[in-house]
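Read through the structure below, which is laid out as structure tokens, and then see the notes.
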Amino acid sequence: MDWLQKKNWFKEDEEFSPKREVNNKKSKFMHHSTGHVYSRKMKRHVGYESLWGECLFYYFLELDPLTVRFYEQPVEIPIRYFNENNILESWIHVPDVLVFRQGFKPHLYQIKIEGYDEKTKDVVINKACEKYSEKRNWDYSLLKTKEGIPDVIISNVFLLTNFLKPRKHYEKYIPEIINKMKYVEQITVIELAKSFSAKADFRFVLPIVYHLIGIGRLRTNLYETINEKSEVQLGSNLDDVFLLFEKKKVK
């Protein structure tokens, strides 16, 4: 689906606005596990209930070049089931994230942290979410965000997210950096920054190079710690990182 051609998102913004406030009831056991982060794709703050769950997933979505938009706690799904005492229980369940990626159907995600152990109630919830998604022609997945992803990838994602915000002076140097890279097969971050020493201090240019990696204009080895010694070249491989989630979906 071509989400990039969509003229506005007013309808979706209203329909998929957060259906509940961020729940802080576990904060006394897991300090700083909840909060809000600013999303440049959504142009607002988005809430999370787990740093290594939703928050980490948001950071991946911010870097993913195919993700156009995403909504936290987007819908309400009625749940009804008989418990072990054969008593009917019912409540409203709110899944974690609805993602719109270029070329794909909307995808509803239930996010779990590392070590998640599925209970009977979780099976019922997942089946209800699957049925709801099928009716709306969406995909649905239960996802363990941190599990199976190398720590170096996670560290790099956090690093690059800090450089996503464009600064006014970036506009002056970005065309020159891209043009210079057309004639260089690959070069280290520090060498690229210092190549502008006649115009500016290299420390002034370094954040721009990291910014270009973060927005997918330059590529580097994401399986090694990104720093001044990292080699860069034209292009992007950030979509490869999101594929890590595709390979390890629980459902």
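Throughout the sequence shown, residue numbering follows the numbering used here, covering 1469 to 1719 in sequence.
Cβ atoms here follow ideal geometry from the backbone N, Cα and C, with glycine treated the same way.
Beta-carbon contacts of residue i that lie in its chain and below 8 Å, excluding the five residues immediately before and after
i, result
"VAL1677", "ILE1645, VAL1657, LEU1660, ALA1661, LEU1686 and VAL1700"
"GLU1482", "none"
Extent of the continuous alpha helix (DSSP H) to which residue i belongs
i, result
"ASP1619", "1619 to 1629"
"PHE1478", "1478 to 1483"
"SER1601", "1588 to 1603"
"HIS1720", "Here the chain covers residues 1469 to 1719 and nothing more, so residue 1720 does not appear."
"LEU1472", "No alpha helix (DSSP H) holds LEU1472; DSSP gives it neither H nor E."
"TYR1638", "1638 to 1649"
Residues near residue i in its chain [Cβ-Cβ closer than 6 Å; skip 5 each side]
i, result
"ASN1476", "none"
"LYS1487", "GLN1541, GLU1544 and VAL1562"
"LEU1711", "none"
"LEU1519", "SER1501"
"HIS1513", "HIS1504 and TYR1506"
"ASP1532", "PHE1710"
"GLY1703", "ARG1687"
"SER1558", "ARG1548"
Boundaries (first-last residue) of the beta strand (DSSP E) holding residue i
i, result
"LEU1556", "1556 to 1561"
"ILE1547", "1545 to 1550"
"LYS1580", "1575 to 1580"
"GLU1653", "First-last for GLU1653: undefined, no H or E at that position."
"PHE1568", "1565 to 1569"
"PHE1451", "Outside the shown range of the chain (1469 to 1719) lies residue 1451, about which nothing can therefore be said."
"GLU1699", "1699 to 1702"
"LEU1610", "1607 to 1612"
Residue burial classification, residue i (beta-carbon count within 10 angstroms, cutoff 16)
i, result
"ARG1537", "buried"
"HIS1679", "buried"
"GLU1653", "exposed"
"GLY1571", "exposed"
"GLY1521", "buried"
"ILE1593", "buried"
"PHE1631", "buried"
"SER1485", "exposed"
"MET1649", "buried"
"PHE1550", "exposed"
"LYS1612", "buried"
"GLU1552", "exposed"
"LEU1610", "buried"
"TYR1739", "Residue 1739 falls outside the range modelled here, since the chain spans only 1469 to 1719, and no answer is possible."
"PHE1497", "Legend: pLDDT at PHE1497 = 48, less than 50; position of this residue unreliable, value from coordinates given subsequently. With fewer than 16 Cβ atoms within 10 Å of its Cβ, PHE1497 is classed as exposed."
"GLU1639", "exposed"
"MET1469", "exposed"
"GLU1517", "buried"
Own chain residues within Cβ distance below 7 Å of residue i, not counting five before or after
i, result
"CYS1597", "ILE1545, PRO1563, LEU1576, GLN1578 and TYR1608"
"VAL1620", "TYR1691, GLU1692 and THR1693"
"GLY1515", "PRO1486, VAL1490, HIS1504 and GLU1540"
"GLY1684", "PRO1533, SER1704 and LEU1706"
Option in the options with minimal Cα separation from residue i
i, options, result
"ILE1617", "LEU1628, TYR1506 and ILE1581", "ILE1581"
"TRP1606", "LEU1524, LYS1573 and ASP1590", "LYS1573"
"VAL1505", "PRO1486, ASP1532 and TYR1527", "TYR1527"
"LEU1674", "LYS1511, LEU1690 and LYS1697", "LYS1697"
"PHE1672", "ASN1551, LYS1636 and ASP1532", "LYS1636"
"GLU1530", "GLU1639, LYS1509 and LEU1690", "LYS1509"
"VAL1709", "LEU1524, ILE1642 and THR1588", "LEU1524"
"THR1629", "VAL1567, LEU1706, PHE1568 and LYS1640", "LEU1706"
"LYS1633", "TYR1651, THR1613, ARG1604 and GLY1682", "GLY1682"
"ARG1604", "LYS1614, LEU1566 and LEU1702", "LEU1566"
"LEU1534", "TRP1471, SER1558 and LYS1614", "TRP1471"
"LYS1474", "ARG1569, TYR1651 and LEU1556", "ARG1569"
"LYS1595", "PRO1643, ARG1548, GLU1557 and ASN1554", "ARG1548"
"LYS1479", "TYR1516, TYR1539 and MET1469", "TYR1539"
"TYR1726", "THR1588, ILE1560 and LYS1587", "The question about residue 1726 has no answer, for the chain in this structure spans 1469 to 1719."
"ASN1689", "LYS1511, LEU1556, ASN1554 and ILE1655", "ILE1655"
Residue i Cβ short of 6 Å to the ligand ADP heavy atom set
i, result
"GLN1654", "As for the ligand ADP, it is missing from this structure, which has no ligand bound."
Original post:
Is the segment 1661 to 1670 in contact with the segment 1619 to 1633, if contact means three or more CB pairs nearer than 8 Å?
Top reply: Between the segment 1661 to 1670 and the segment 1619 to 1633, the count of Cβ pairs shorter than 8 Å is below three; the stretches do not touch.
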